[in-house]
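Every letter in the sequence shown is one number past the one before it in the numbering used here, and letter 53, counting from 1, is 38. No residue lacks a Cβ here, since even glycine has one placed at the ideal position from N, Cα and C. Step one of this worksheet: look at the structure below.
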Amino acid sequence: MRRRDFITVFVGATAWMSAARAQELRRIGFLNSAYKDAGFIEGGNISIEWRWSGGQYERLPTLARELLCRNVAVIVAFDAPAAFAAKAATKTTPIVFLTGADPVATGLVESFSRPGNNLTGVSVLFSGVGPKRVEILHELVSPATTIALLVNPRNPNAHADASEIRAAADTLGLHIEAMEASTDGDLAVAFTAVVQRRARALVLMADPFFFARREQIVALINRCAMPAIYPVRWLPDVGGLMSYGASPIDLARGMGAHTGKILKGARPADIPVQQSTRLELVINLKTAKALNLTIPSSLLARADEVIE
C-alpha cells in the first residue's frame, strides 16, 4: 500500500463523515514529520494544507503555526512528534493524531475514552510489537545469533521500544547490535557498522525519519544482502523483505472518521481515542529470491499478503 493510497482512504472517510456540510469548503491542516507523495489531489468539500518536515523534527513547531495562520478547521498530525508540536501550538483548534506510543502515558491526552481538550486520534500498535518482529525474523534466519537494530535516538519511544526488543532477543538467545541514526550521514555510518559487526539480520524501528527515507534504507539493507523486518508495509512495497505492524488502511479510516466528525461539529474531547489492534504480516517474495532466501512455509501461511 502506497502512502498516496493511505491519504486517499483518509480523505474518503473524512468526506463521507462530513457529508452533511458538503456545501461548505473546510480546510484541513496535514502535519507530517516524514515526506510528501507527489500527485495526490484532494477535492470535493475538503481542502488540505500540506506541511512536511522531511524528518526534521525541529521544523514542526513552525509548520504547525503556519497551519494555524491558514485558519484550518482541524490539524491532522500524522505521527507523535507532529502531534506534540500541534498540541504546543494551539489549545483551541482541533487536532486528530496518529501515534505509536501510549497517548495517555506520554501526556498527549487525559484518557482513551475522554481525551479532553482539543485532541483525539488513533493509537497504533508500533510499541509492543517489536518482540514479535524479533521472533518472526529469528524464525527466518535461525541459527544466526546476531541481529542489528536501527533506531532513531531522537524518537521519544526509542528507549522503551529498544528495551522490549533486547528482552525478546535475550529470551531467544540472540545478541542485539543497536545502531543509531537521526541524520542522512548517520545512515551510512550505521550500515557500515552493521557489516563490520557481522549482524545477520536487521530490525528497523518505527520512526518518521526512517519512513521518509524508506527507499534509501531498503536499498542500503538489500545491498548488504541482509534480511530485515520493518514496522509497516510501506517498506516491503518498495522492495523491503517483510513487515509486521498495524494496517495502514485501518489507520486511515479511523483518522478520517474522527476528522469528519469534527468537521460536523463534534468536540475532540468527546471522541474516544481509537486503538488499532489489527496487525498484518507482509512478505515480499521477489526480494526474498533476490537475497537467496527461502521463506519458511509457516511464515507464508501466516502472511496477510505476499508480494510477488
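Backbone secondary structure at residue i - three-state DSSP
i	result
residue 203	helix
residue 230	strand
residue 14	strand
residue 181	helix
residue 61	strand
residue 90	coil
residue 291	strand
residue 214	strand
residue 284	helix
Residue-level contact to chain B via CB, residue i, 8 Å cutoff
i	result
residue 45	No chain B is present in this structure, which holds just one protein chain.
Local Cβ density within 10 Å of residue i, reported as buried at 16 or more and exposed below that
i	result
residue 45	buried
residue 26	For residue 26, the predicted model reports a pLDDT of 40, less than 50, meaning its position is unreliable and no value from the coordinates is stated.
residue 259	buried
residue 169	exposed
residue 66	buried
residue 93	buried
residue 123	buried
residue 192	buried
residue 238	buried
residue 47	exposed
residue 290	exposed
residue 38	buried
residue 148	exposed
residue 338	For the chain, the structure presents residues -14 to 293; residue 338 sits outside this window and is missing.
Per DSSP, cross-strand counterpart(s) of residue i
i	result
residue 84	108
residue 32	12
residue 164	135
residue 103	Looking at the DSSP assignment, residue 103 forms no beta bridge with any residue, so it has no partner.
residue 260	108
residue 186	132
residue 265	230
residue 219	Residue 219 is not bridged to any residue.
Whole-number beta carbon distance between residue j and residue i, since they are thought to touch under 8 Å
i	j	result
residue 280	residue 268	6 Å
residue 62	residue 71	5 Å
residue 235	residue 261	6 Å
residue 266	residue 212	Going by Cβ atoms, the distance from residue 266 to residue 212 rounds to 14 Å, so no, they are not a contact pair.
residue 137	residue 166	6 Å
residue 11	residue 58	5 Å
residue 263	residue 286	Actually they are not in contact, since the Cβ atoms of residue 263 and residue 286 sit about 18 Å apart, beyond 8 Å.
residue 40	residue 198	7 Å
residue 224	residue 272	6 Å
residue 153	residue 115	7 Å
Note to self: Is it the case that the segment 103 to 110 contacts the segment 59 to 79, given that we only count it when at least three CB pairs across the two stretches are under 8 Å?
What the structure shows: yes
On the three-pair Cβ rule with 8 Å, is the segment 150 to 165 touching the segment 174 to 193?
-> Look at the beta carbons and you see the segment 150 to 165 touching the segment 174 to 193: at least three pairs across the two are nearer than 8 Å.
- Message: Can you confirm whether the segment 242 to 258 touches the segment 215 to 227 when touching is taken to mean that 3 or more C-beta pairs between the two stretches lie within less than 8 Å?
- Response: no
Are the segment 167 to 180 and the segment 191 to 208 in contact at 8 Å, needing three or more beta carbon pairs?
yes
Could you tell me whether the segment 247 to 256 touches the segment 92 to 102, using the rule of 3 or more Cβ pairs below 8 Å?
yes
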